[in-house]
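**Student:** In order, the protein sequences belong to chains A and B. Quick note on numbering: the first sequence equals residues 6 to 305 in my numbering. Quick note on numbering: the second sequence equals residues 6 to 305 in my numbering. C-beta: ideal position from N, C-alpha, C; glycine also.
Protein chains: 2
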Amino acid sequence: MIQKENITDWFKELQDNICQSLEALDGQGKFQEDLWERPGGGGGRTRIIEGQFIQKGGVNFSAVHGLLPEKIAKALQLPAAQFFATGVSIVLHPVNPHVPIIHMNVRFFEIDENTWWFGGGIDVTPHYVYESDAVFFHQYLKSVCDKHHENYFPKFKKWADDYFYIKHRNETRGIGGIFFDRLDGKDGFNRKTRFGFVQSVGEAFVPIYTQLFNKNNNKTYSKKEKEWQQLRRGRYVEFNLVYDKGTKFGLDTAGRIESILMSLPPMVQWQYNVIPGQGSAEEKTQKLLVKDIDWAGKTI
Amino acid sequence: MIQKENITDWFKELQDNICQSLEALDGQGKFQEDLWERPGGGGGRTRIIEGQFIQKGGVNFSAVHGLLPEKIAKALQLPAAQFFATGVSIVLHPVNPHVPIIHMNVRFFEIDENTWWFGGGIDVTPHYVYESDAVFFHQYLKSVCDKHHENYFPKFKKWADDYFYIKHRNETRGIGGIFFDRLDGKDGFNRKTRFGFVQSVGEAFVPIYTQLFNKNNNKTYSKKEKEWQQLRRGRYVEFNLVYDKGTKFGLDTAGRIESILMSLPPMVQWQYNVIPGQGSAEEKTQKLLVKDIDWAGKTI
Numbered sequence: 006m007i008q009k010e011n012i013t014d015w016f017k018e019l020q021d022n023i024c025q026s027l028e029a030l031d032g033q034g035k036f037q038e039d040l041w042e043r044p045g046g047g048g049g050r051t052r053i054i055e056g057q058f059i060q061k062g063g064v065n066f067s068a069v070h071g072l073l074p075e076k077i078a079k080a081l082q083l084p085a086a087q088f089f090a091t092g093v094s095i096v097l098h099p100v101n102p103h104v105p106i107i108h109m110n111v112r113f114f115e116i117d118e119n120t121w122w123f124g125g126g127i128d129v130t131p132h133y134v135y136e137s138d139a140v141f142f143h144q145y146l147k148s149v150c151d152k153h154h155e156n157y158f159p160k161f162k163k164w165a166d167d168y169f170y171i172k173h174r175n176e177t178r179g180i181g182g183i184f185f186d187r188l189d190g191k192d193g194f195n196r197k198t199r200f201g202f203v204q205s206v207g208e209a210f211v212p213i214y215t216q217l218f219n220k221n222n223n224k225t226y227s228k229k230e231k232e233w234q235q236l237r238r239g240r241y242v243e244f245n246l247v248y249d250k251g252t253k254f255g256l257d258t259a260g261r262i263e264s265i266l267m268s269l270p271p272m273v274q275w276q277y278n279v280i281p282g283q284g285s286a287e288e289k290t291q292k293l294l295v296k297d298i299d300w301a302g303k304t305i
Numbered sequence: 006m007i008q009k010e011n012i013t014d015w016f017k018e019l020q021d022n023i024c025q026s027l028e029a030l031d032g033q034g035k036f037q038e039d040l041w042e043r044p045g046g047g048g049g050r051t052r053i054i055e056g057q058f059i060q061k062g063g064v065n066f067s068a069v070h071g072l073l074p075e076k077i078a079k080a081l082q083l084p085a086a087q088f089f090a091t092g093v094s095i096v097l098h099p100v101n102p103h104v105p106i107i108h109m110n111v112r113f114f115e116i117d118e119n120t121w122w123f124g125g126g127i128d129v130t131p132h133y134v135y136e137s138d139a140v141f142f143h144q145y146l147k148s149v150c151d152k153h154h155e156n157y158f159p160k161f162k163k164w165a166d167d168y169f170y171i172k173h174r175n176e177t178r179g180i181g182g183i184f185f186d187r188l189d190g191k192d193g194f195n196r197k198t199r200f201g202f203v204q205s206v207g208e209a210f211v212p213i214y215t216q217l218f219n220k221n222n223n224k225t226y227s228k229k230e231k232e233w234q235q236l237r238r239g240r241y242v243e244f245n246l247v248y249d250k251g252t253k254f255g256l257d258t259a260g261r262i263e264s265i266l267m268s269l270p271p272m273v274q275w276q277y278n279v280i281p282g283q284g285s286a287e288e289k290t291q292k293l294l295v296k297d298i299d300w301a302g303k304t305i
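(1) Determine the direct distance from the alpha carbon of B:ARG240 to that of A:ARG196, and round the result to whole angstroms.
(2) With DSSP as the reference, please indicate the residues paired to B:THR130 in a beta bridge.
(3) Cα-Cα, which of B:SER205, B:LYS250 and B:THR215 is closest to B:ILE171?
(4) For A:GLN291, go through chain B and note every residue whose CB falls closer than 7 angstroms to its CB, in chain order.
(5) So which of A:GLU42, A:GLN216 and A:PHE114 has the shortest CA-CA distance to A:PHE141?
(6) Indicate the three-state DSSP secondary structure (helix, strand or coil) for A:THR198 in the structure shown.
(7) As an exercise, report each continuous alpha helix (DSSP H) stretch of at least 4 residues that is fully enclosed by the segment 197-257 of chain A, in chain order.
(8) So for B:ASN65, helix, strand or coil by DSSP?
(9) With hydrogens ignored, establish whether the beta-carbon of B:THR198 is closer than 6 angstroms to any heavy atom of the ligand MG.
(10) Can you find the residues in the same chain that come closer than 6 angstroms, C-beta to C-beta, to B:LEU294, ignoring five residues on each side of it along the sequence?
(11) Per DSSP, A:GLU118 is paired with what?
(12) Go ahead and pull the three-state DSSP assignment for A:MET6.
(13) What residues from chain A crowd round B:HIS173, counting only those whose CB sits closer than 9 angstroms?
(14) Would A:LYS231 pass as a contact of A:PRO102 if the rule is Cβ separation under 7 angstroms?
(15) Would you mind working out which of A:ALA29, A:ASP257 and A:SER205 sits nearest A:HIS3, comparing C-alpha positions?
(16) If distances are taken between C-alpha atoms only, which option among A:GLN82, A:GLY63, A:ASN11 and A:ILE77 comes closest to A:ASP257?
(17) With a threshold of 7 angstroms on Cβ separation, who are the neighbours of B:GLN276 within its own chain once the five nearest residues in sequence on each side are excluded?
(18) Decide yes or no for the touch test of the segment 89-103 of chain B against the segment 50-61 of chain B: beta carbon pairs closer than 8 angstroms, at least 3 of them.
(19) Keeping to the same chain, check which residues put their C-beta closer than 6 angstroms to that of A:ALA68; ignore five residues upstream and five downstream.
(20) Show which residues of chain B have a CB atom less than 9 angstroms away from the CB atom of A:ILE53.
(21) State yes or no: is the beta carbon of A:LEU269 nearer than 7 angstroms to at least one beta carbon in chain B?
(22) Please list the partners that B:MET272 has in chain A, where partner means a Cβ-to-Cβ separation under 8 angstroms.
(23) Is it true that the segment 277-290 of chain A meets the segment 113-126 of chain A, where meeting means three or more beta-carbon pairs spaced less than 8 angstroms apart?
(24) Given this structure, state the Cα-to-Cα distance separating B:SER264 from A:TYR135, to the nearest angstrom.
(25) With a threshold of 6 angstroms on Cβ separation, who are the neighbours of B:SER26 within its own chain once the five nearest residues in sequence on each side are excluded?
(26) Under a three-way DSSP split, which group does A:TYR145 fall into?
(27) Can you confirm whether B:LEU217, when its beta carbon is compared against all beta carbons of chain A, has any partner nearer than 7 angstroms?
(28) Relative to the alpha-carbon of A:VAL64, which residue among A:HIS108, A:GLY193 and A:ALA80 has its alpha-carbon at the smallest distance?
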């Protein structure tokens, strides 16, 4: 059986590879690493980049263990047993408003050899939605998913639509992607097949982001577009602080606060009652921030 | 007995008076008003200023009624009856980082003539804590409270310390002030005495802010101080989106979102792991963001 140590090692390597690729993409910024230890057991490697094109990016690895806090055990419907959890988490905020914000997470949780699961996903939050990018992104994810199980993409695409939703704004955080949790060993799956899928998701990050970055990073942008980017980042903050379960989990369990909140954008604005002009690119974007668009089924 | 209509009218006048004073203080900005109606009953007057010194300020009045949503009825331990609620809510974000953010709220809630209460408070969030300002502010609040009941200040000051606390940062939002809720007609109080106190709190806003504004608004500031202001505003956002009950209540009950989130600052930054220099003004401020400082008992 694949041991937690194998998964941990693979996640560490994934972090290394992604950091290397992102430094190459940025061409200037270098990741700064903070090693941290968790008082209850384990720790992590937080890596932050402030580059010429990636304004603020975090690529975090952690592997923690200990006694499951009662509150979380209850929420997960588990006994307050010893747990192990490891994962890689990424959020990148670009300088150029035409390049989207990207988020990826892959994680593994284990109580014992019978009680374990994988979770994760990739989703994209464009400041300006480009339909060809959205189609590319969803089709890429679909091809990754389809190699592992035909149900994965439709299920996990919908899961992302439902999860990355800002209820009080009645809009999605971005154009979605895939989100999954509690992929366990039931229904004919096992650690090997589940891990294989999670590895494919992790490996999809660099080609996806490279494409979205290269396609958009040379576009010029105006002050107005930069301002719109800062307003959209405000929505990102609203989602992460009000709804995101990972963030809430971290705040509730007194995790390393700077690693949890590395996802928050560098420069953000809130203005009162901004209404994009009729027919503007901003209005077009806003109209596309809805659930259940079949991006993968479109041809552009 | 003082009727809800009397309280409503007084709150409206308070909004008018405060807006007038703030326009005079700013010298340039004018409040823009949005009238809105609540589908379930009632509505409000949202007023926003973007001035030369007040970068973003909101002074909101609302008076709403209808059937108490079940979720809220449960939280308040009340039957799902007809309710009435009115209040004035203020948040001001100044341009100058030496001027503090100020927040005030006064509100009245009623089910029937036996089930009602007042709530509210004033608190201040300096980007840079000046001890003489903190002493002035707390002594002023103490003098307002002491005219009504000797227990008010100690009780409501502690309530503010406990309420305006960012647990995940282990720091207070600012230097506190007073916070109170459920001031009802029990223990020898009645509507008249409770309303009298709330009126005094409402009337304290202009003299308090005028003093804090005039004392600090002429100070020059550097780019570094402006950046620190934006980082401190980030903490303000964290508090309001993660902990503030009024905000949560508004988001949960699908209130008018732009009026609820008018409290969020105009321009905000999150940087990774900022640690103020030893002996800096920023470090001094951070050390003073703790509970239970007896500002009113100090002499400066």
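**Tutor:** The short version:
(1) Walking along the first sequence from the start, residue 196 of chain A turns up at place 191. Walking along the second sequence from the start, residue 240 of chain B turns up at place 235. In a straight line, the C-alpha of A:ARG196 is about 41 angstroms away from that of B:ARG240.
(2) As a working mapping, residue 130 of chain B is identified with position 125 in the second sequence. Answer is B:ILE106.
(3) For the purposes of this step, residue 171 of chain B is taken as the residue at position 166 of the second sequence. Minimum Cα distance to B:ILE171 is reached at B:LYS250.
(4) As a position in the first sequence, residue 291 of chain A is number 286, starting the count at 1. Those do not exist, as A:GLN291 stays about 14 angstroms from chain B at its closest Cβ, beyond 7 angstroms.
(5) Working through the first sequence from its first residue, we reach residue 141 of chain A at position 136. Among A:GLU42, A:GLN216 and A:PHE114, the Cα nearest to that of A:PHE141 belongs to A:GLN216.
(6) By 1-based counting over the first sequence, the position of residue 198 of chain A is 193. DSSP places A:THR198 in helix when its eight states are reduced to three.
(7) 228-247 and 250-257
(8) Working through the second sequence from its first residue, we reach residue 65 of chain B at position 60. Strand, per DSSP.
(9) In terms of ligand content, the structure shown is empty, and the ligand MG therefore cannot be addressed.
(10) Along the second sequence, one-based indexing puts residue 294 of chain B at 289. Contacts found: GLU176 and THR177.
(11) Residue 118 of chain A sits at position 113 when you count from the first residue of the first sequence. A:GLU118 is not bridged to any residue.
(12) Walking along the first sequence from the start, residue 6 of chain A turns up at place 1. Coil, per DSSP.
(13) Residue 173 of chain B sits at position 168 when you count from the first residue of the second sequence. Correct list: GLY255, LEU256, ASP257, ALA259, GLY260, ILE262, ILE265 and LEU266.
(14) Walking along the first sequence from the start, residue 231 of chain A turns up at place 226. Walking along the first sequence from the start, residue 102 of chain A turns up at place 97. Against a cut-off of 7 angstroms, the Cβ pair of A:PRO102 and A:LYS231 comes out as a contact.
(15) What the structure shows of chain A is the stretch from 6 to 305, and residue 3 of chain A is not part of that stretch, so it cannot be assessed.
(16) Within the first sequence, numbered from 1, the residue matching residue 257 of chain A stands at position 252. Closest option to A:ASP257, Cα to Cα, is A:ILE77.
(17) Counting from 1 along the second sequence, the entry for residue 276 of chain B is found at position 271. LEU236, listed in sequence order.
(18) yes
(19) Position 63 of the first sequence, counted from the first residue, corresponds to residue 68 of chain A. Closer than 6 angstroms at the Cβ level, and outside the excluded window around A:ALA68, lie THR13, GLY47 and THR91.
(20) To locate residue 53 of chain A, count along the first sequence from 1; it is residue 48. Simply TYR277 and ASN278.
(21) The residue given as residue 269 of chain A occupies position 264 in the first sequence. Interface residue, yes.
(22) Residue mapping note: residue 272 of chain B aligns to position 267 of the second sequence, counting from 1. The answer, in chain order, is GLN235, MET272, VAL273 and GLN274.
(23) no
(24) Working through the second sequence from its first residue, we reach residue 264 of chain B at position 259. Working through the first sequence from its first residue, we reach residue 135 of chain A at position 130. Near 31 angstroms, if we compare the C-alpha coordinates of A:TYR135 and B:SER264.
(25) For the purposes of this step, residue 26 of chain B is taken as residue 21 along the second sequence, with counting starting at 1. The residues are VAL211.
(26) Walking along the first sequence from the start, residue 145 of chain A turns up at place 140. Three-state result, A:TYR145: helix.
(27) Taking the second sequence and counting its residues from 1, one reaches residue 217 of chain B at position 212. Not closer than 7 angstroms to any Cβ of chain A, the Cβ of B:LEU217 fails to qualify, so no.
(28) For the purposes of this step, residue 64 of chain A is identified with residue 59 of the first sequence, where counting begins at 1. Comparing Cα positions, the closest option is A:HIS108.
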